[in-house]
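For the protein sequence lines, the chains are A and B, in the order given. The first sequence runs 12 to 450 under our numbering. The second sequence runs 8 to 793 under our numbering. Don't be surprised by glycine CBs; every beta carbon is placed ideally from N, CA and C. As the structure is a computational prediction, the values presented were derived from the model and not from experiment.
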Amino acid sequence: MADLVSHPDEVKVVSKRFGLGATEIDRYLELDGYKAVRKALGMAPESIIAEVKDSGLRGRGGAGFNTGLKWSFVPKQSPKPKYILCNGDESEPGTCKDRLIFEHDPHSVIEGVTIAGLAVGAHVGYIYIRGEYRYLSEIMQKAIRQAYARGFLGKNILGSGFDFDVYWHGGAGAYEVGEESALMESLEGKRGIPRIRPPFPAVVGLWGGPTVINNAETLASVPHILLGGAEWYAKLGTPKNGGTRLFCLSGRLNRPGVYELPMGYNLKKMIYDVGGGMAQGHTLKAVVPGGSSTPLLTREEIDVPMDFDSLMKVGSMLGSGGVVIVDDSACMVKFALRIMSFYQHESCGWCIPCREGTDWLKKTLTRFHSGGGVRKDIDDLQYLSENMLGRTFCPLGDAAAMPTISIVKKFRKEFEDHLDGKPCPLEKAEAIERSPVMA
Amino acid sequence: MADVNLTIDGKKVTAPAGTLLIEAAKSAGIEVPSFCYYPNLSLQGACRMCLVKIEKMPKLQTACTTVISEGMMVTTDSDEVRQARKGMIELLLGNHPLDCPVCDAGGECELQDMTFSYGAAESRFIDVKNHRDEQQWSPVVYFDRPRCILCYRCVRVCGEGMDVWALGVQHRGVSSTIVPNQEDHLECEECGMCIDICPVGALTSGAYRYKTRPWEMKHVGTTCTHCADGCKTTLGVRRCSTGTELVRGDNRDKSGINGDFLCIKGRYGFDFAHHEDRLHQPLIRRNGRLTPCTWEEAFQLTGERLRQIRDREGGDAIAVIGSTRTTNEENYLLQKFARTVLGTNHIDHHRTADYPALVAALAGHPKLTASMRELFEAPAMLLIGNDPTRQHPLLAWQIRNNVRLHRARLYLVNAQPIKLRRQASSFFAIPAGREAEVAAFLAGQDSAVAAIASETSPEAWIRWRDQLRREPKLVVMFGSEIRGDAVASLIKFAADLPEAKLICLGDYANSRGAADMGLYPDLLPGYHPVTEVGEFHKDWGGVPEKPGLSLRQMAEHAQAGKLKALYVVGANPVEELGLDPFVFSQSFVVVEDLFLTETAAIADVVLPAANAYEKSGTFTNTCGDLQLVKKAGEVTGTKSDFEIIVRIADAMGVAVRKLVPFGRGSRADMGQSRGAQSGEADRHSVWLEARGLEPKMSPFDPMAILDEIQRLVPGYDVSRLHLLAGMDQHTSLSGSGPGTKHDPSAIMPARDDLFSSGTLGRYCRTLNAVLENGHKLAAEEEVAAE
């Protein structure tokens, strides 16, 4: 169980019930639980979708697509059953927000899934939970049982005549399955490999039926939007970036942790104010703004509002909200190697550029970091990454290439310092391993 | 479908809506490279070789998964696209062992070709390559993981194409690897499709590997002669100490009825040709023992004895047994020899399907037979009896893939739960031996339903028949279970349908040809009864008009001491029909065969014959598709059956030209021959002249007999040009003689299946190795297996 942190700048929406015992349905009901579903049952599906669309809620999984818009793509009539899928396969390094939602507020996810079901006319929802989050799936299972017992799920929910079933499903340990179509494959019991698109899930998804697939945080936000109204939610953030989101601050900060901040919150302020600044004796070197897949920002680039569009402008991405602080004790070559080891391990192997590219990048970085690098390697690292970028079957290849390209570009000098058989100047610090990853 | 206009590399292209961009480009002559894309298999988008630039799309797109749309602007040769391809090849070669000099695929490897066309000359990788040891998955399948580029073609062709699903992918990322279904080995049909479809040398064949290089072989396009389906095949031939060796078969050019399909026998079943038991010189029985002799001695003896017996005892004392694996020309020649030289109608062969009944029933319904190609396109198929997966691998492939790709409906009726029921839209189980009742029921005899409705209710049968009757286009296939009157019932049913066509399934490579060529005691070529005086009588100057003896009757005749000579060409009646060998002890027996078979063992003269890969001619497959067989190899000491028959006739003192119309002599009287008295050679010359064909110059040229077949056998007058070009042409039975009704018990299905064959398979080391290696799945297991 993670310790909760807080800061006065926080605007608690999704994290409103954190630490308040809302895993128990009675407590959840006291805290306005299942009110949104009641409200939604009285609304036309179109108005639910309109409300979510107008709130400016954008996918919290990383891609940042307007949630309401995504729902509106689902055909009204479908010969095959429709499905709602909650993507709780949170695996992005540096990201640990869905985990808190499942841990403290599982009913909000159930509620969000049900509302999505009402909006698109689905009668079945799946909550897919990362395999390593075993203890969370127990919490979720209990919540689902309670929701059934109280008539919030099952046949004729709340006497409305609307049937809705929710199932949980555990992952088997693949980062790749966080990709929506791979998740569907996995849920169907197959190898977790992405599908060819089009067709998109909204048209042909799980078991061939139209499917809405949203991140857990996205769905957990939905009940709050219905209760508070689209306007209220939108105003919490910046234009086109409605609401708040959970930022997972990690690295050598004084107060690392998960904070819910309005969209567009300044990154510099987030580090030095919310996160309490750098730990004693350390200075900031770089920031990973949204999980390991996003290009790094240097110390000079951090005065930026944390929303999808602003980060895009500075050549990075808001991603999944995993803000990783890299301090001066970290060797950027080793950092790149650590990231690449992850992607090499997690690549599903389906397509050539990702399968082979991540492997060669890892091999090259391993040798390079251990002092066997040659000058040509530096360019080759970039060349290889660029050969992967935009050419892989799914975004995992991009996710591996983008940070590498940014590290090689922005920290070339550190690579040059490894040349000519010189040992890593920061090796003794063992930077990455000792960095306190958020508990 | 409506056409879509798009621009590829500035070229205006029009293609039907729904076409994939990669295919549209190909149709415009623009190559978009790919490894994982393979026509008729599911799309992968995995190799990323086919990335192209499509206007308005930020990223490069895979041409293999993109469906064309109106006004699409595509670039396939920009710097960006070229770099993407080059980058992909570089990555592929990173872990590739580059052992091309010792790799089987070297010289015909798609990765090599692509590297030359699109790749980089140098590698930028200096780290150690990933290595894994080679694995043997079966006697014929080897897997070399480092060479594998993971295009998943093998996985798909095995699963989607063969419906065997013996291959899969294990692990992930760079550790991903193709794996066999039984952990470390394969249990499958061993068809070798995975090896054939592999673009690199990752999957190699146990029968072929390390034997040769592609450019050292001669490649002969011919027809496979293992089963009755007649797959087109390209044989790789190499010199060896005893002549030439066939080292492999494949059909990479996809030119025939089978596309690239071949089964285990078609791919590996050649080494029987070099089996140590193969006969290399003629044998004559001296003092009770078969002893080697020269060909001259053998011909002399055979010719003399046959002439003596004919002259003293009459043709009635001589019987001839023909073959189901010799060419049409040989079969035709053999029966002509029997009838015109030996003067006997005692000629028969191992019958496995009731073609005469089919012909008889088809009278008045011309064009009611389907070709192998038509089957693949048919929207609906009905199969009664037979198990094509085991007995007709190509037919099964066509059925499966017709269902998969064209959503065709398959109606199955069988006494066994055959594997094809996985594709069937309905499967009706019947008690064994009740196939004829199904035919009767289909023909409208409702009372027959009682005999077949054991597992399915009579109402369901009636609904089923109503559904069939509504099928706008139906191909009806039936095995040897349907004979005699049952064939007539089926044709009655088919004739009432809007458009129904039939395929009668025979078991051996040229079963159909043997029937068409008149290897029957009562039927001439084209199913003309011997009793009716017609073309053949005129042309050959007389044919014995009394119907001869069937196989069983020959044995009885021999036992009674009335059969003085038996001439067996490429058949083993003692083994196949279970005839008592001692009944022939009073007969002079001549056997032509590859091996000292059970029948050859009792012969007085054994003549070593060439097999169907060692001679040229034509074969007719079970559907009636006529195809060319080209001589690919040769084994020292053997002669083709064609040559042997001619030489025996010559040794008997016959004017060979009467038997084989060769030579130029007849041309001189062209002028006089237009009248009523035109002689036989003249008719032949007139026919040749009309078709612009030259007379053949050698008595050993099967083409000379083919001329006569085309002239006289109904349905066989197909395009000579297409035939010689290696194309398949359907010989409809229309115009045939009236056929006849035979005793149904004369039909004896072969006991062969995919893995075993009594005739050639038992001499194939490769086939035997596979047989010993695997256990056969029971039908239930097959259906359940995923």
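- In the DSSP assignment, residue 241 of chain B falls within the unbroken beta strand (DSSP E) covering 239-247.
- Across the segment 76-91 of chain B, CB contacts with chain A closer than 8 angstroms involve 90, 91, in sequence order along the chain.
- A distance below 8 angstroms between beta-carbons, with the five flanking residues on each side excluded, links residue 371 of chain A to the following residues of its chain, in chain order: 395.
- In this structure, residue 108 of chain A lies away from residue 342 of chain A, with their beta-carbon atoms at least 8 angstroms apart.
- Here residue 629 of chain B is near residue 512 of chain B, since their CB atoms are less than 8 angstroms apart.
- Ranked by Cα distance from residue 15 of chain B, the first of B/355, B/76, B/251, B/65 is B/76.
- At a cut-off of 8 angstroms between C-beta atoms, residue 166 of chain B does not count as an interface residue with respect to chain A.
- In this structure, DSSP gives residue 406 of chain A a helical state, which the three-state scheme calls helix.
- For residue 166 of chain B, the secondary structure class from DSSP, reduced to helix, strand or coil, is helix.
- At a cut-off of 8 angstroms between C-beta atoms, residue 72 of chain B counts as an interface residue with respect to chain A.
- Nearest C-alpha to residue 484 of chain B among B/758, B/340, B/753, B/388: B/388.
- Counting every other CB atom within 10 Å of its CB across the protein chains shown gives residue 731 of chain B a total below 16, marking it as exposed.
- Judged by DSSP secondary structure, residue 225 of chain A falls within the beta strand (DSSP E) whose first and last residues are 222-226.
- Among the bridge pairs identified by DSSP, residue 376 of chain B is matched with B/509.
- Under the 10 Å beta carbon count, residue 304 of chain B is surrounded by fewer than 16 other beta carbons and is classified as exposed.
- Distances from the alpha-carbon of residue 717 of chain B to those of B/705, B/706, B/697 put B/697 closest.
- In the structure shown, residue 149 of chain B falls within a strand segment according to DSSP collapsed to helix, strand and coil.
- Contact annotation: in the segment 349-360 of chain A, residues whose CB is within less than 8 angstroms of a CB in chain B are 355, 356, 357, 358, 359, 360.
- Residue 588 of chain B and residue 556 of chain B have their C-alpha atoms some 18 angstroms from each other.
- If the five residues before and after residue 80 of chain A are omitted, its C-beta is found closer than 7 angstroms to the C-beta atoms of 64, all from its own chain and listed in chain order.
- For the pair residue 405 of chain B and residue 383 of chain B, the CB atoms are nearer than the 8 angstroms cut-off.
- The C-beta of residue 364 of chain A comes closer than 8 angstroms to at least one C-beta of chain B.
- By a beta-carbon distance limit of 8 angstroms, residue 97 of chain A does not contact residue 277 of chain A. Their separation comes to about 31 angstroms.
- Proximity to residue 106 of chain B across B/598, B/118, B/126 peaks at B/118, based on C-alpha coordinates.
- Within chain A, the C-beta atoms nearer than 8 angstroms to that of residue 53 of chain B come from 361, 362, 363, 404, in chain order.
- Beta bridge pairing from DSSP links residue 634 of chain B with B/626.
- Straight through space, the alpha carbons of residue 57 of chain B and residue 424 of chain A are spaced by roughly 37 angstroms.
- Residue state for residue 179 of chain A is assigned as strand, using DSSP reduced to three classes.
- Counting along the chain, no beta strand (DSSP E) covers residue 320 of chain A; the unbroken alpha helix (DSSP H) around it starts and ends at 319-324.
- For residue 386 of chain A, the closest Cβ of chain B is not nearer than 8 angstroms.
- At a cut-off of 8 angstroms, the C-beta of residue 371 of chain A has a neighbouring C-beta in chain B.
- When Cβ-Cβ separations below 8 angstroms define contact, residue 508 of chain B makes no contact with chain A.
- Sequence-distant Cβ neighbours of residue 9 of chain B in its own chain, meaning closer than 8 angstroms and more than five residues away, are 23, 24.
- For the options B/533, B/347, B/146, B/342, the alpha carbon positioned closest to that of residue 548 of chain B is the one of B/347.
- Between the segment 321-341 of chain A and the segment 144-162 of chain B there are fewer than three inter-stretch CB-CB distances shorter than 8 angstroms, so the stretches are not counted as touching.
- For residue 14 of chain A, no chain B residue has a C-beta closer than 9 angstroms to its own C-beta; the minimum C-beta separation is roughly 34 angstroms.
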